[in-house]
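A.B. asks: Pasting a structure below so you can have a look.
Protein chains: 2
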Amino acid sequence: MRAVCVVGLGLIGGSVLRAAAAAGRTVWGATTADADAVTAAGFDVLDLDKALKRARKEDAVVVIAVPLPSVDGVLRKIGDFAPRCLLTDVVSVKGPVVEGVARFAPETRFAGGHPMAGKSASGWAASEATLFTGAAWVVTADEDTALDAWREVAELAIDCGAGVVPTTTQEHDAAVARISHLPHVLAAVLAACGADGGPLALSLAAGSFTDGTRVASSRPELVLAMCEGNRAALLEAVDDALGKLGAARGALASTGALSATIRAGHAGRVALDAYRAAGQAQAMIDLTAGDPLEELRLIGAQGGRIVGFDGDLALATLPVLPD
Amino acid sequence: MRAVCVVGLGLIGGSVLRAAAAAGRTVWGATTADADAVTAAGFDVLDLDKALKRARKEDAVVVIAVPLPSVDGVLRKIGDFAPRCLLTDVVSVKGPVVEGVARFAPETRFAGGHPMAGKSASGWAASEATLFTGAAWVVTADEDTALDAWREVAELAIDCGAGVVPTTTQEHDAAVARISHLPHVLAAVLAACGADGGPLALSLAAGSFTDGTRVASSRPELVLAMCEGNRAALLEAVDDALGKLGAARGALASTGALSATIRAGHAGRVALDAYRAAGQAQAMIDLTAGDPLEELRLIGAQGGRIVGFDGDLALATLPVLPD
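Chains as they are written, first to last, in the UniProt record's numbering: chain X, 1 to 323; chain P, 1 to 323.
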């Protein structure tokens with residue numbers, strides 16, 4: 001099993017370090033915070049240059065787990081000290097990471113990653129080896145992704161307990177704009193509209209407002225880094241929301257009828273619940289035949305996951321929705 | 001203690017019947033569903049005409065607890081059989097109820113009500129005597145509301161375990177548009193935008209999307225009745241949301257910066273949390289001096305509640321926010 005060098009040991013990076021170690025891999029990390037606590041937990045912490053030199057020497061996979069604004073700086077170091085390493089990341093937005101890799105570490109063998117797991121607490125102290133158990137973990141399969149790099153990164157994600165969702169950088173960013181970044185923007189809009197109603201409105205707020213504004217309590221800096229980093233895709237999602245809300249406004253003003261809006265929303269939520277309640281079918285993809293990356297992307301597009309490998313076969317599960 | 005006649009014995013009406021009985025009041029009801037179950041639970045169920053005749057004879061307070069589209073029909077019956085009764089309702093939107101009262105039962109002594117309690121299950125089977133414990137319960141105090149009617153309805157709400165929020169019909173409808181109806185519209189828009197992302201997006205949806213779309217799983221007919229019944233106030237709230245979302249769109253497209261949007265939303269949610277964590281100061285309102293209805297409305301405008309009466313004094317609590 002390939003060794004793992006994790007750069008950035010907050011909630012996600014720390015959990016990758018712990019999970020990969022629990023899977024039996026040799027691990028070490030670099031961090032700008034909590035180094036003593038990581039060491040006290042029994043893990044090797046090196047400064048970034050040394051961590052990357054060791055990655056080159058031991059042919060480790062390097063996992064970038066720093067916030068997006070710090071990614072390019074880490075990539076420069078990788079270009080200097082481990083320029084041909086196997087590389088992935090666990091940063092939310094994928095487009096800017098791909099651009100940074102092309103610019104600063106173009107000779108690495110890269111497949112981007114995004115584990116869909118988290119919790120409200122942050123930092124090393126909140127990290128845990130089981131954070132990814134059962135979670136979806138995107139590993140990007142673009143036209144120019146090397147199949148062996150993709151597979152090795154997918155194996156790391158599976159070792160950490162996750163199921164792997166193969167998709168492109170662009171499709172990932174478009175999807176998370178809709179289901180992760182747009183929810184933050186709409187929660188902020190709703191919270192501001194409610195607060196504009198003054199103490200009377202807040203005193204009457206019940207579950208619908210509480211749920212709809214929950215993520216507005218997240219630290220603004222984190223939300224901004226996430227949303228602004230996915231600017232182009234989020235703009236499309238916001239335009240979609242503006243169009244739908246504008247249609248609701250028009251219907252309310254003209255006929256007073258919100259049926260199309262409310263029923264489309266109900267259908268959307270029912271689709272989510274149906275997806276989550278779906279049965280699972282098994283499928284296998286031969287990684288030696290045809291266009292395996294395209295086959296893998298089709299699994300992701302259908303809401304499926306890669307859950308393991310058997311020789312040259314990738315083992316997949318696909319949701320089976322009731323008719 | 002005045003007897004209570006509840007018309008409509010679903011979740012809310014059934015819970016009023018149970019709570020008022022538990023407070024020691026004589027109660028009976030009328031219902032189009034579950035009459036056998038209500039009787040089996042030990043309560044008197046009459047047909048609507050007889051229930052209202054008994055209300056007239058025993059000088060009971062009549063509580064309208066039917067869905068908004070059925071309110072006018074009940075009001076006609078009240079005009080026929082108990083035209084001068086003390087009257088309230090527990091329907092969400094207040095404007096259309098006030099209009100119906102003026103048209104069909106203008107001689108009743110009316111103060112509108114809206115208990116801010118509920119749960120996802122509906123119907124008599126879901127009702128419980130403790131549903132309103134600690135909840136806010138709006139009792140409308142308009143310019144033409146009779147103080148003694150307001151007080152008696154408030155006493156019923158307090159007997160049911162709630163704290164009473166005094167405000168006007170118009171201010172109530174504006175507030176619930178922001179904190180109850182707009183959340184449903186935005187949840188519907190978000191759910192539709194997410195589902196438009198297909199199975200890939202649904203497979204990546206985590207907490208922010210799940211929370212933000214939770215109320216989109218409500219029965220569309222109930223949501224439509226609620227939202228469409230509050231058309232004018234909801235239109236204002238939707239316009240506010242459209243303006244804020246449009247501003248976010250413009251900022252994202254021009255500078256890419258969402259700071260104003262995200263920080264205003266964070267401040268709004270912080271205001272909600274601060275309100276809920278606030279300490280409580282006591283206040284008293286002399287119902288025999290000055291303009292007591294205006295004093296009561298000021299309590300509601302400050303996020304306060306009436307929690308009891310002592311002779312001619314109304315006892316209030318007001319939130320005390322940390323500086």
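Every residue, glycine too, gets a C-beta built ideally from N, C-alpha and C. A quick note: this is a predicted structure, and the numbers were derived from the prediction, not measured.
Return the residue from the list P:309, P:113, P:117, P:125 that minimises the CA-CA distance to residue 180 (chain P).
C.D. replies: Nearest of P:309, P:113, P:117, P:125 to residue 180 (chain P), Cα basis: P:117.
A.B. asks: For a cutoff of 8 Å on Cβ pairs, would you count residue 155 (chain P) as touching chain X?
C.D. replies: Not closer than 8 Å to any Cβ of chain X, the Cβ of residue 155 (chain P) fails to qualify, so no.
A.B. asks: Evaluate the contact criterion for the stretch 110-126 of chain X versus the stretch 69-89 of chain X: three or more CB pairs, one atom per stretch, below 8 Å.
C.D. replies: In short, these stretches touch, since the Cβ pair count reaches three.
A.B. asks: With 8 Å as the threshold, decide whether the Cβ of residue 188 (chain P) is near any Cβ in chain X.
C.D. replies: Yes - at least one Cβ of chain X is within 8 Å of the one on residue 188 (chain P).
A.B. asks: Determine, using beta carbons only, whether residue 237 (chain P) comes closer than 8 Å to chain X.
C.D. replies: Cβ-Cβ to chain X under 8 Å: yes for residue 237 (chain P).
A.B. asks: Relative to the C-alpha of residue 173 (chain P), which residue among X:169, X:155, X:205 is closest?
C.D. replies: Comparing Cα-Cα distances from residue 173 (chain P) to each of X:169, X:155, X:205, the minimum goes to X:205.
A.B. asks: Distance, Cα to Cα, residue 241 (chain P) vs residue 252 (chain X)?
C.D. replies: Approximately 14 Å, taken between the alpha carbons.
A.B. asks: Please report the distance separating the alpha-carbon of residue 138 (chain X) from that of residue 18 (chain X).
C.D. replies: Spanning the two alpha carbons is a distance of roughly 19 Å.
A.B. asks: Can at least three beta-carbon pairs, one atom from the stretch 227-247 of chain P and one from the stretch 185-201 of chain X, be found at a separation below 8 Å?
C.D. replies: Enough Cβ pairs lie closer than 8 Å, so yes.
A.B. asks: Using 8 Å as the threshold, is the C-beta distance between residue 306 (chain P) and residue 163 (chain P) below it?
C.D. replies: Cβ distance < 8 Å, so residue 306 (chain P) and residue 163 (chain P) count as in contact.
A.B. asks: Is the distance from the Cβ of residue 161 (chain X) to the Cβ of residue 133 (chain X) below 8 Å?
C.D. replies: Yes.
A.B. asks: Along the beta strand (DSSP E) that carries residue 7 (chain X), what are the first and last residues, could you check?
C.D. replies: Counting along the chain, the beta strand (DSSP E) containing residue 7 (chain X) begins and ends at 4-7.
A.B. asks: Based on Cα-Cα distance, which residue from P:154, P:213, P:237, P:231 lies nearest to residue 316 (chain P)?
C.D. replies: Answer by Cα proximity: P:154.
A.B. asks: Give a yes or no on contact between the stretch 138-153 of chain P and the stretch 284-304 of chain P, applying the rule of three or more CB pairs nearer than 8 Å.
C.D. replies: With a cut-off of 8 Å, the stretch 284-304 of chain P and the stretch 138-153 of chain P count as touching, because enough Cβ pairs lie within range.
A.B. asks: Select from P:78, P:4, P:33 the residue whose C-alpha is nearest the C-alpha of residue 23 (chain P).
C.D. replies: Closest by alpha carbon: P:4.
A.B. asks: Taking a contact to mean a Cβ-Cβ separation below 8 Å, would you say residue 176 (chain P) touches residue 211 (chain X) in this structure?
C.D. replies: No. Outside cutoff.
A.B. asks: Taking only runs that begin and end inside the stretch 107-159 of chain P, name each unbroken beta strand (DSSP E) of 3 or more residues, in chain order.
C.D. replies: Qualifying beta strand (DSSP E) stretches, in chain order: 113-115, 136-140.
A.B. asks: Please report how far the alpha carbon of residue 171 (chain P) lies from the alpha carbon of residue 102 (chain P), in whole angstroms.
C.D. replies: For residue 171 (chain P) and residue 102 (chain P), the distance between alpha carbons rounds to 19 Å.
A.B. asks: Within a Cβ cutoff of 6 Å, which residues of the same chain sit near residue 37 (chain P), ignoring the five residues on either side of it in sequence?
C.D. replies: Contacts found: 124.
A.B. asks: With 8 Å as the threshold, decide whether the Cβ of residue 209 (chain P) is near any Cβ in chain X.
C.D. replies: So, interface residue.
A.B. asks: Sort P:127, P:74, P:31, P:81 by Cα distance to residue 59 (chain P) and report the nearest one.
C.D. replies: Closest option to residue 59 (chain P), Cα to Cα, is P:81.
A.B. asks: Among P:228, P:257, P:263, which residue has its Cα nearest to the Cα of residue 261 (chain X)?
C.D. replies: Considering only alpha carbons, the answer is P:228.
A.B. asks: For residue 77 (chain P) and residue 97 (chain P), I'd like the C-alpha separation in whole angstroms.
C.D. replies: Each residue's alpha carbon lies about 14 Å from the other.
A.B. asks: Less than 8 Å between the CB atoms is what I'm expecting for residue 264 (chain X) and residue 225 (chain P), so what's the real figure, rounded?
C.D. replies: Between residue 225 (chain P) and residue 264 (chain X) the Cβ distance is about 18 Å, and since that is not below 8 Å, they are no contact.
A.B. asks: Report the CB separation of residue 121 (chain P) from residue 178 (chain P) in whole angstroms; it is logged as a contact under 8 Å.
C.D. replies: That pair is no contact at about 26 Å.
A.B. asks: Under 8 Å between C-beta atoms, does residue 106 (chain P) make it to chain X?
C.D. replies: No, its Cβ sits nowhere closer than 8 Å to a Cβ of chain X.
A.B. asks: From the beta carbon of residue 5 (chain X), is the nearest beta carbon of chain P less than 8 Å away?
C.D. replies: So, not an interface residue.
A.B. asks: Taking all protein chains shown into account, do 16 or more other C-beta atoms lie within 10 angstroms of the C-beta of residue 248 (chain X), making it buried, or fewer, making it exposed?
C.D. replies: With 16 or more other Cβ atoms within 10 Å, it is buried.
A.B. asks: Residues of chain X with a CB under 7 Å from the CB of residue 193 (chain P): which are they?
C.D. replies: Under the 7 Å cutoff, chain X gives 178, 182, 237, 240, 241, 244.
A.B. asks: Starting from residue 46 (chain X), trace the beta strand (DSSP E) in both directions and tell me its first and last residue.
C.D. replies: Counting along the chain, residue 46 (chain X) falls outside any beta strand (DSSP E), and DSSP gives it neither H nor E.
A.B. asks: List the DSSP bridge partners of residue 281 (chain P).
C.D. replies: According to DSSP, residue 281 (chain P) bridges with P:318.
A.B. asks: Pull up the distance between the alpha-carbon of residue 136 (chain X) and that of residue 275 (chain X), whole angstroms please.
C.D. replies: If I take the Cα positions, the gap works out to 13 Å.
A.B. asks: Quick one, are the C-beta atoms of residue 167 (chain X) and residue 200 (chain P) less than 8 Å apart?
C.D. replies: Yes, Cβ-Cβ distance for residue 167 (chain X) and residue 200 (chain P) is below 8 Å.
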